[in-house]
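Undergrad:
Numbering (the working numbering), first residue to last: 7 to 163.
(1) Can you list, in chain order, the stretches of the alpha helix (DSSP H) that have 4 or more residues and sit fully within the region 72-141?
(2) Distance, Cα to Cα, residue 103 vs residue 76?
(3) Are the region 58-71 and the region 108-126 in contact at 8 Å, needing three or more beta carbon pairs?
(4) Mind checking who residue 155 pairs with in its DSSP beta bridge?
(5) Does DSSP put residue 160 in a helix, in a strand, or in coil?
(6) Residues in its own chain within less than 7 Å of residue 160 by CB, not counting five upstream and five downstream?
(7) From residue 136 to residue 116, what does the alpha carbon distance come to, in whole angstroms?
Below, the structure is given as structure tokens:
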């Protein structure tokens with residue numbers, strides 16, 4: 007069974023736009039690169055041709071990847087639902103119990119994860135530990151350096 011991808015409506019539109027761009031503009035650009043490289047002569051020693059064919063392979067791979075995501079995705083509802091528990095789409099504030107500093111995150115689907123910008127995947131150990139937790143609860147996250155304990159301070163949609 008194919009993996010289900012959870013996306014926000016915004017990310018879904020971004021992927022559709024990217025797919026449209028890749029299938030129209032970018033595919034034409036790569037075809038032109040191949041055509042131009044062919045005009046240079048002997049293909050066995052033509053590095054431009056090899057590079058253009060590699061680019062074409064990457065392009066088709068990305069198109070297939072996006073098509074797979076779009077075929078197996080579900081959209082995260084952005085409507086205000088239960089803000090008493092952490093769920094997909096929740097914006098949360100947690101406190102590192104050891105260091106005492108507060109951190110802000112949003113729990114998102116794996117295709118939207120960007121930990122450096124506070125967007126954590128619901129499939130990550132931290133995301134899995136947070137799901138279903140309420141304000142005031144503590145979670146223990148298993149990390150390579152040892153267990154880290156966090157307290158949920160705030161949940162927003």
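For each residue, glycine too, the CB sits at the ideal point set by N, CA and C.
TA: Let me lay it out:
(1) 131-136
(2) Counting from 1 along the chain shown, the entry for residue 103 is found at position 97. Counting from 1 along the chain shown, the entry for residue 76 is found at position 70. Approximately 39 Å between the Cα atoms of the pair.
(3) no
(4) Here residue 155 refers to the residue found at position 149 when the chain shown is read from its first residue. Here residue 155 is bridged, per DSSP, to 146.
(5) What you label residue 160 is simply residue 154 of the chain shown in a count that begins at 1. Of the three classes helix, strand and coil, the one that applies to residue 160 here is strand, per DSSP.
(6) Counted from its first residue, the chain shown places residue 160 at position 154. For residue 160, where only same-chain residues beyond five positions count, the Cβ hits under 7 Å are 98, 99, 141.
(7) Translated into the one-based positions of the chain shown, residue 136 becomes position 130. Translated into the one-based positions of the chain shown, residue 116 becomes position 110. So the two alpha carbons sit approximately 15 Å from each other.
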